[in-house]
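Here the numbering used here is used: the first residue of the sequence shown is 4, the next is one more, and so on.
By construction, the Cβ of each residue, glycine as well, lies at the ideal position given by its N, Cα and C atoms.
Down below is the structure, laid out as structure tokens.
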Amino acid sequence: MLPTTITREFVKGLPKAELHLHLEGTLEPELKLALAQRNRVDIGQTTIEEVKRSYQFDSLSSFLQVYYPAMNVLQQEEDFYQVAMAYLYKAREHNVRYAELFFDPQAHTSRGVAFQTVINGYHRAVRDSRTLGVETALVMCFLRDMSAQSAADTLEQALPYRDKILGVGLDSDENGNPPGKFREVFSKARQAGFHLTMHCDIDQHNSIGNIREALLDIQVDRLDHGTNIVEDQDLVAYVRDKGIGLTCCPVSNGFVGDMKGREILQLLRAGVKVTVNSDDPAYFQSYVSDDLFALAQHYPMTPAEMVQLARNSFQVSWLPAVRKAAYLKEIDDYVAGY
Ligand code: ADE
Ligand code: ZN
4 MLPTTITREF VKGLPKAELH LHLEGTLEPE LKLALAQRNR VDIGQTTIEE
54 VKRSYQFDSL SSFLQVYYPA MNVLQQEEDF YQVAMAYLYK AREHNVRYAE
104 LFFDPQAHTS RGVAFQTVIN GYHRAVRDSR TLGVETALVM CFLRDMSAQS
154 AADTLEQALP YRDKILGVGL DSDENGNPPG KFREVFSKAR QAGFHLTMHC
204 DIDQHNSIGN IREALLDIQV DRLDHGTNIV EDQDLVAYVR DKGIGLTCCP
254 VSNGFVGDMK GREILQLLRA GVKVTVNSDD PAYFQSYVSD DLFALAQHYP
304 MTPAEMVQLA RNSFQVSWLP AVRKAAYLKE IDDYVAGY
């Protein structure tokens, strides 16, 4: 039976999918320092306190300025494997049953790490995730502040690994880098059989124009963030009618402004398939159950709505229908046995 109030323990145990999680954003300070030492990389900090003190962001760009330099500690295939496996242990703790994991190959190839080093490390973790009872898939994101040509080259590099990558996305700094810049590469990715998603970050310059372009021009299957869609009720009706998911991240939103909880719940109540996710949990110190619980703590919502968020996460995942049905039944069983 549904509980009368939403507790942290109920949320943690609820079977869920994580659809907006940057693998590079799961690099916890302890592992970051250990890898820095192993690979003899100077990251400018030597203690966990120093690393944590560097996590001061008030905008997407100030976050990215801390985020990218830290990736220097990732050098060998084993490093990519280790960061992904460390996340998967966390995922299991939060009863994430399925995760579609973003990774940023250009953040590594641009500093001389081979594409194959990245994909082989991450894919080994995808394979081993099943031993932890978590099913996973990889989603390759292009860095939108790099050129369209660089994205096209990255897609070429990915084609031999087509069977190891489920979809493509777009992340990094949205300012001056609208969806249309990547029209051609996304069209090629679609033809190659990849699912498509794209960040439409919070309160960006021309957020609503970028959301419109992502949906109507690029025709993405999902939007990452995208809560500014509430500014245009025709677009809200469009995503609702098409069942297009929005992968929202309240705690990461809260770091640079408002959690956008009102918008998330408004969209949920309008029948839009919104989901709650953790984005970069090591940096925002919040894994997916923490994000879900934070939403419930700050904005009045019902246990049934919490369950609907979990249901949405499987429904808008890129799993085959039979797998979705199996996970949805796990939610039903969890609630029935509660
Ligand atoms: N890279 C990692 N997290 C991101 C976010 N929230 N927006 C854009 N790029 C990102
Ligand atoms: Zn993100």
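Asked	Found
Buried/exposed call for K2, threshold 16 Cβ in 10 Å	There is simply no residue 2 to check, as the chain begins at 4 and stops at 341 in what is shown.
The ligand ADE site residues, beta-carbon cut 6 Å against heavy atoms	H25, G28, L63, D174, S175, H202, D204, S255, D282 and D283
Proximity to L268 [Cα-Cα], best of R225, L295 and Y290	L295
6 Å CB neighbourhood of S175 in its chain, flanking five on each side removed	L146, R147 and D148
Residue span of the beta strand (DSSP E) that contains D244, given as start and end	Not the beta strand (DSSP E): D244 falls in the alpha helix (DSSP H), residues Q236 to K245.
Closer than 7 Å: D107 CB and nearest the ligand ZN heavy atom	no
Minimum length 4: unbroken alpha helix (DSSP H) runs contained in the segment 203-232	210-215
Closer than 8 Å to chain D by CB, S190	The question asks about chain D, but that chain is absent: this structure has only one protein chain.
Same chain only: Cβ atoms within 6 Å of D261, ignoring 5 sequence neighbours per side	none
Range of the contiguous beta strand (DSSP E) that encloses E103	V99 to F106
Contact check, V76 vs N42, beta carbons under 8 Å	yes
Residue range of the unbroken alpha helix (DSSP H) whose run includes F145	No alpha helix (DSSP H) holds F145; the beta strand (DSSP E) holding it covers E138 to L146.
Per DSSP, the bridge partner or partners of A20	Y101
G248: first and last residue of the uninterrupted beta strand (DSSP E) it sits in	G248 to C251
As assigned by DSSP and simplified to three states, the class of V279	strand
Euclidean distance between Cα positions of A339 and A117	48 Å
Beta-carbon proximity list for V239, same chain, < 8 Å, skipping 5 on both sides	I232, V233, L270, A273 and V275
Identity of the residue in Y90, N213 and F197 nearest A161 by Cα	F197
Residue environment, R100, which counts as buried when at least 16 other CB atoms sit within 10 Å	buried
Reference G179, options N213, P108 and S190, closest by Cα	N213
Alpha-carbon spacing of T29 relative to A94, whole angstroms	11 Å
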